[in-house]
Each structure stands twice: as structure tokens, then as C-alpha cells.
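Visitor: Heads up: the sequence shown runs through residues 1 to 558, numbered per the UniProt record's numbering.
Pasting in a structure now, in C-alpha cells, and then I'll have a few things to ask.
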Amino acid sequence: MQPPHKTLLKQPATGLILLVPVFIFFASFFYYSLNIPWFDDFESIPYFLTRFLNAASWHEKWEAILRPNNEHRLLYARLVVLLYTTLTGSINFLHLMVIGNLGLIVISGLFYVAGRRQRLAWYYLLPVTLILFQPQPYLMTFTALFSLQYLAIIMLIMLTLYALAQNSPTSYGIALIMGVFSTFSMGNGLLVWVAGAMVLVGQKQWLRLGGWIGVASLAVFGYFYGYPVQQGNQEGFAFLIQHPLQVVRGFFVYAGSLFDLMPAWAVDERALLPLVVGAILIMFWIVWAVRLVVLRTEPMSPWNGFLLGVTLFLVMNTALVALFRTRFNFEMMLWSSYRAYIMVLSAAVYLIFINQLSPERRRRWFPALLGLALVVNVVSYVTYTQQVINWQNSKLALAFNQRYNRIGLGGSRQSMLADFIDQQLDEMKRRGWYELPNPVITANEQQFLTNNPQGPQPLRLTIQSLPDYVTVTSAGQEQYAPGRNSCIYLAMKSDRKTYLIAAIPNPPTRLTIFRPAPGFWAAMPVSMIEPGRYRVGIVRTNSHEADVRYTDQFVDVH
Numbered sequence: 001m002q003p004p005h006k007t008l009l010k011q012p013a014t015g016l017i018l019l020v021p022v023f024i025f026f027a028s029f030f031y032y033s034l035n036i037p038w039f040d041d042f043e044s045i046p047y048f049l050t051r052f053l054n055a056a057s058w059h060e061k062w063e064a065i066l067r068p069n070n071e072h073r074l075l076y077a078r079l080v081v082l083l084y085t086t087l088t089g090s091i092n093f094l095h096l097m098v099i100g101n102l103g104l105i106v107i108s109g110l111f112y113v114a115g116r117r118q119r120l121a122w123y124y125l126l127p128v129t130l131i132l133f134q135p136q137p138y139l140m141t142f143t144a145l146f147s148l149q150y151l152a153i154i155m156l157i158m159l160t161l162y163a164l165a166q167n168s169p170t171s172y173g174i175a176l177i178m179g180v181f182s183t184f185s186m187g188n189g190l191l192v193w194v195a196g197a198m199v200l201v202g203q204k205q206w207l208r209l210g211g212w213i214g215v216a217s218l219a220v221f222g223y224f225y226g227y228p229v230q231q232g233n234q235e236g237f238a239f240l241i242q243h244p245l246q247v248v249r250g251f252f253v254y255a256g257s258l259f260d261l262m263p264a265w266a267v268d269e270r271a272l273l274p275l276v277v278g279a280i281l282i283m284f285w286i287v288w289a290v291r292l293v294v295l296r297t298e299p300m301s302p303w304n305g306f307l308l309g310v311t312l313f314l315v316m317n318t319a320l321v322a323l324f325r326t327r328f329n330f331e332m333m334l335w336s337s338y339r340a341y342i343m344v345l346s347a348a349v350y351l352i353f354i355n356q357l358s359p360e361r362r363r364r365w366f367p368a369l370l371g372l373a374l375v376v377n378v379v380s381y382v383t384y385t386q387q388v389i390n391w392q393n394s395k396l397a398l399a400f401n402q403r404y405n406r407i408g409l410g411g412s413r414q415s416m417l418a419d420f421i422d423q424q425l426d427e428m429k430r431r432g433w434y435e436l437p438n439p440v441i442t443a444n445e446q447q448f449l450t451n452n453p454q455g456p457q458p459l460r461l462t463i464q465s466l467p468d469y470v471t472v473t474s475a476g477q478e479q480y481a482p483g484r485n486s487c488i489y490l491a492m493k494s495d496r497k498t499y500l501i502a503a504i505p506n507p508p509t510r511l512t513i514f515r516p517a518p519g520f521w522a523a524m525p526v527s528m529i530e531p532g533r534y535r536v537g538i539v540r541t542n543s544h545e546a547d548v549r550y551t552d553q554f555v556d557v558h
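If you want it as C-alpha cells, here you go:
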């Protein structure tokens, strides 16, 4: 007779446990999300729509769809935006974020289908959902374009490689079509052709490989046809030659960044565990891939072909991020926007590892691996939820500045970008697509703008005027824990303008790793505010009201 827990695990309804991380993720998403655009959203959503609708011919409409944003063509994202606006007559950035984040369900669903076809019991897929559905990539999760870009390209390439690995004429044709679609949906979509070629080599499908290379050549030519963007990639190679160890270190740190569990720590401290984990993960993957492709004589199975293609794409992408982003700032290896690639890579490598084990060893290893995935998931919610709150409060402050000062959601004062964003907001309002929230933060926010602020209140603030920022720190005994409807904002008020920026809790100490140190800090970008003499104050919001207090301290901005 089997133990009760083993009998329970075999019940179909018990498989609903897989959905628990999904439910928690989307509950958290809807609780914290805001219908506010940010930075790149403006070019690829309202500006694209305006160009498309104003186009005089279908040729010009396709030019609008395929026009690069930075180095990326964004076919998928723009088609989603176009379809959504056509159906609703509006632009809702929150709804677009939802559509983008649904890509996580498709990604986990592909892993589930592939795993079940490999006869893996459902519970072996639970670490996959724990790894994928958590808050580490919050900058991507809560930005419309990023979710329609980064998650979408992973989803599209996984769909392409899943179809390709099935090794049938129909699925091969689907893979070719999906490969072209992926190519025009983001710059790193070009890597699908390399990953797919390796799948066909492993499956010894030489005739199909020739067709794959032929279509790839046409797709790559089409991608770069009329391509106006130069990203300075030669500087990335020059940096590699000058600082090879830093690039290699960045590669391993990024590969292991799933274990960047303390985002409030200094970068060097945060990078230690990811460096070790990334080195182990990549070395294991290299050994597995070499044994699979080089040392085996028989064609690889659809399961191995799918996982080889997916992981090869993600490892190549990891290398490109390290090569072209390390030179800007090493912290970009731990950038939240890029984390989704590593989450999917980690989930795929876990499935590779668990499938290599015999049934007996698999049962022995599984509790430890499940426990590790659970720790990553739970600790991420503990440490990254505060980052989510900080980011959303920052967006509210920047939206306030945009509404009342016509700058905030991107660009510096008197810059082309700031003017462009302001124009796009006016255009969306004119067309009835979208307006910034009114009020932005609280119902009584007009008092932030009054010419007669309340009298000074003694506050223990340290103010520094730096070349790029005005920083304010408070090292008092008060524990500052901002929430969804509660925040401290730094206010800077002149005779004509009032600007806000969200305050951030002081980082935790090594003795209190899960609890911020008392006090807070805030940094107002000088490039965002107009020259003048500003009085420094503090705005405290609680629920839907705000209390404003100004100090006797002033800052001159030039």
C-alpha cells in the first residue's frame, strides 16, 4: 500500500497546486499596478499609433509598425497595441501590462506540456512555477512596453523552438513562420535562427537545416533593410578587449542573478552569490550540451531539442547582455528589467538536471530542489515587494511632476525627449485615448501647490546639492516602511513650481537584512527641475490624504 502523500500527489486535482504561485503573482500584480506610462512606452505606443493612423498608404503603415525603437523592431508589441486600441478605442497601460505578463503563462505552459510528454509527474513542474512567478523582474512586470517586449520574445522563441523540435513537416513550417515573426519582434529574436539550427543539427535533419538557413538569411536581410539605428556595438567589443575579466564576471553574475535576493544591498555584495551560482549553472549546461550534441550519435528527442534550443538562445542572450551592457554600469547585470531571461534559463536548466536523474535519484533530489525554489520565491517576495512599492511611488511622484510641470516621465528640462513625451500625452488626451490620473496621488494634492505652505516643522534632514541631484537624508529613529497608499515624498517648492520625488527607506544593515535601517533618503534630479530657489519640505501620504510640512532649508538650482 502506498503512503497517503504519494496517493494524494497522483490525484489530478492536486495538480492545481501548480497554480498557487500564478495566483499569488497576479494578485500582487493587480494590487500594486498603475495605469501610468513610462519612458519607452511613449514612442512605441501612442507615437506609433499616431504614425500608423496618419499614414496615407499601407506602405507607410508598415513602416510605422516596423520602425525600430532603439535597436529593436517591435512587431509583436505594436500589433498587440494596435489590436487593443482598435477594439477598445483607448490606451490602457495597465491592460497592456496584463497582456504582456500573460506571456509567463504561455512560457510555463510550454514547460508543462513538454515535461508531461516526457512523462514527468506534475509535481516536478512546481519549481518551474515558483521560479517564474515572483517579483524580481518588477521593472519589466510594471512597464507596458517591457512586458510586451522581453517576455514576448521569450514566449515567441520558445513557441518557435517547441514547434521545430517536434520533427514533423507541419511543425517545421510553423516554426519557420514563427521564426520570422520572432525576428521582427525584438533585436535578440535574430538568435532564434542560431538556436533552431543547433536543434536541427542535433536531430540530424540536414535538408530542413538548409531550408532553415535560407529563410534565416532572408529574415536577417529584411530585419536590417533600411535599418537606421547604430548602437555603438564596436565599443562593446573594445571594452571586452580592454576589460575581459569584467565582462566574463558580468556574464556569470547575470547568469546567476536569480539568486540576487537582497536588492537593497550594494552591488558588489549582491553579486557574490549570483557569481557562484552562475558559474555552476553555465558549466553544467556546457557539459550537458556537449554530451548531447557532440558525443551522441543518435538524433536527439523533441524534449532535448526543445530544451537545447531554449537554453542556447538564453545563454547567447546572456553573453550579449554582458558584452554590451557591462561597459555602461556593472549594476546592469543585476537589472530587474533583464531578469526574466535568467528566470526562464534557470527553470530550463532545472528541468534538464531533473530529467538526467534516474527515477530513484530524482525522488531523492526533488525535495531539496523544491525547497530551494520555494526559498527563492518567498525571499524574493519579502525583499522585492519593497522595491515594487518604491518604484510605484516613484512613478506617482513623476506623474505628479508631469501633470503639473509638464516633465517627469522621461527626459530632462528643455530636452527633445521631455517635449516629445509632453506632446504624446497631449495627443492621447486629444484623441480620447488616455489621460494621467487626476488627482495623481491624493485628493488634496492641490495643497502641494499652494503659495502659502504650512509653517516649518523641525525635521532632522541632511541636504546636499550635488552636480546631478539634490539629496535629502533622514537618519532619525523612525522606521520608514512605505506602502501602497502611504509614502514620504521630498517636496521642492519655488515661487512658480513644485516638484515631488519619492523617498526610499534607508538600506538594511548586515544585522537586519530583511528590515530597513531607520530613516529615509531621496534624490531629486537637478535636470528635471527649472532653475530657481526652492524650499525643501516633506509630504506624507496616508490612505487618500496628505500632510505637507516645509522646513526653513532652501536649495538653489542653477
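C-beta: ideal position from N, C-alpha, C; glycine also.
Could you give the DSSP three-state label for Pro508: helix, strand or coil?
Guide: Looking at Pro508 - three-state DSSP - the assignment turns out to be strand.
Visitor: Report, in whole angstroms, the separation of the C-beta atoms of residue 586 and Leu104, which I expect to be a contact under 8 Å.
Guide: Past the boundaries of the shown model lies residue 586; the chain is included only from 1 to 558, so the question cannot be answered.
Visitor: Using 8 Å as the threshold, is the C-beta distance between Asp260 and Leu334 below it?
Guide: yes
Visitor: Which two residues bound the contiguous alpha helix (DSSP H) that contains Asn329?
Guide: No alpha helix (DSSP H) holds Asn329; DSSP gives it neither H nor E.
Visitor: Just mark Pro516 as buried or exposed, buried being the case when its beta carbon has 16 or more other beta carbons within 10 Å.
Guide: Looking at its Cβ environment, which holds 16 or more other Cβ atoms inside 10 Å, Pro516 is buried.
Visitor: When you compare the CB positions of Phe42 and Gly410, do they come within less than 8 Å of one another, or not?
Guide: yes
Visitor: For Asn188, is the classification buried or exposed, using 16 other Cβ atoms within 10 angstroms of its Cβ as the cut-off for buried?
Guide: buried
Visitor: Buried or exposed: which applies to Arg225, given that a residue is buried once 16 or more other Cβ atoms fall within 10 Å of its Cβ?
Guide: For the record, residue 225 in the displayed sequence is Tyr; it is not Arg. Classification of Tyr225: exposed, given that the 10 Å Cβ count is below 16.
Visitor: Starting from Pro525, follow its DSSP beta bridges and name the residues at the other end.
Guide: Beta-bridge analysis with DSSP links Pro525 to Tyr469.
Visitor: Identify which residue in Phe142, Gln134, Pro68 has its Cα closest to the Cα of His95.
Guide: Measuring from the Cα of His95, the nearest candidate turns out to be Phe142.
Visitor: Evaluate the contact criterion for the segment 527-544 versus the segment 269-284: three or more CB pairs, one atom per stretch, below 8 Å.
Guide: no
Visitor: In chain order, what residues of the same chain lie with their CB nearer than 6 Å to the CB of Met332, ignoring the 5 residues before and after it?
Guide: Arg325
Visitor: Assign Met97 to one of three DSSP states: helix, strand, or coil.
Guide: helix
Visitor: Report the CB separation of Ala546 from Ile421 in whole angstroms; it is logged as a contact under 8 Å.
Guide: At roughly 25 Å, the Cβ-Cβ gap does not stay under 8 Å, so Ala546 and Ile421 are not in contact.
Visitor: Within the continuous alpha helix (DSSP H) that includes Gln414, where are the two ends?
Guide: Here Gln414 belongs to no alpha helix (DSSP H), and DSSP marks it neither H nor E.
Visitor: In angstroms with no decimal places, state the Cα-to-Cα distance between Asn393 and Cys487.
Guide: 7 Å
Visitor: Let me know the secondary structure DSSP gives Gln134 once reduced to three states.
Guide: coil
Visitor: Let me make sure I understand the geometry here. Which of Val315, Glu298, Trp288 has the alpha-carbon closest to that of Gly256?
Guide: Val315
Visitor: Would DSSP call Ser380 helix, strand or coil?
Guide: helix
Visitor: Going by DSSP, what residues sit across from Lys61 in a beta bridge?
Guide: Residue pairing by DSSP places Lys61 opposite no residue, since no beta bridge is assigned to it.
Visitor: Residue range of the alpha helix (DSSP H) that Val106 falls in?
Guide: Taken as a continuous stretch (DSSP letters only), the alpha helix (DSSP H) holding Val106 covers 103-117.
Visitor: Just confirm the distance between the C-beta atoms of Gly309 and Ala165, as a whole number of angstroms; I'd bet it's less than 8 Å.
Guide: 6 Å
Visitor: What are the complete beta strand (DSSP E) segments, minimum 3 residues, inside the segment 219-273?
Guide: none
Visitor: Could you give the distance in angstroms between the alpha-carbon of Gln134 and the alpha-carbon of Val382?
Guide: 10 Å
Visitor: Which same chain residues, not among the five before or five after Arg413, have their C-beta less than 8 Å away from its C-beta?
Guide: Ile407, Ser527, Met528, Ile529, Glu530
Visitor: Met410 bridges to which residues according to DSSP?
Guide: Looking at the sequence itself, residue 410 is Gly, so the reference to Met does not match. None, per the DSSP bridge assignment.
Visitor: Give the C-beta separation of Trp288 and Ile352 to the nearest angstrom, bearing in mind that I take them to be a contact with Cβ-Cβ under 8 Å.
Guide: In this structure Trp288 touches Ile352 by the C-beta definition: roughly 6 Å separates them, less than 8 Å.
Visitor: Between which residues of its own chain and Gln464 is the CB-CB distance below 6 Å, once the five residues before and five after are set aside?
Guide: Thr471
Visitor: Compare the C-alpha of Ala481 against each of Val215, Ala27, Asn390 and name the closest.
Guide: Asn390
Visitor: Could you check whether Pro137 and Ala373 sit closer than 8 Å to each other, using their CB atoms as the reference points?
Guide: At least 8 Å separates the beta-carbon of Ala373 from that of Pro137.
Visitor: What are the boundary residues of the alpha helix (DSSP H) that Tyr172 is part of?
Guide: It spans 169-183 - the alpha helix (DSSP H) in which Tyr172 sits, taken as one unbroken run.
Visitor: Compare the C-alpha of Pro46 against each of Gly483, Ser415, Ala144, Trp58 and name the closest.
Guide: Ala144
Visitor: In three-state terms, what does DSSP make of Gln205?
Guide: coil
Visitor: By Cβ distance below 7 Å, which residues in the same chain neighbour Leu272 in space, the five residues on each side in sequence not counted?
Guide: A distance below 7 Å between beta-carbons, with the five flanking residues on each side excluded, links Leu272 to no residue of its chain.
Visitor: Let me know if Lys395 comes out buried or exposed under the rule of 16 or more other beta-carbons within 10 Å of its beta-carbon.
Guide: buried
Visitor: Return the CA-CA distance between Asn329 and Trp365, expressed in angstroms with no decimal places.
Guide: 38 Å
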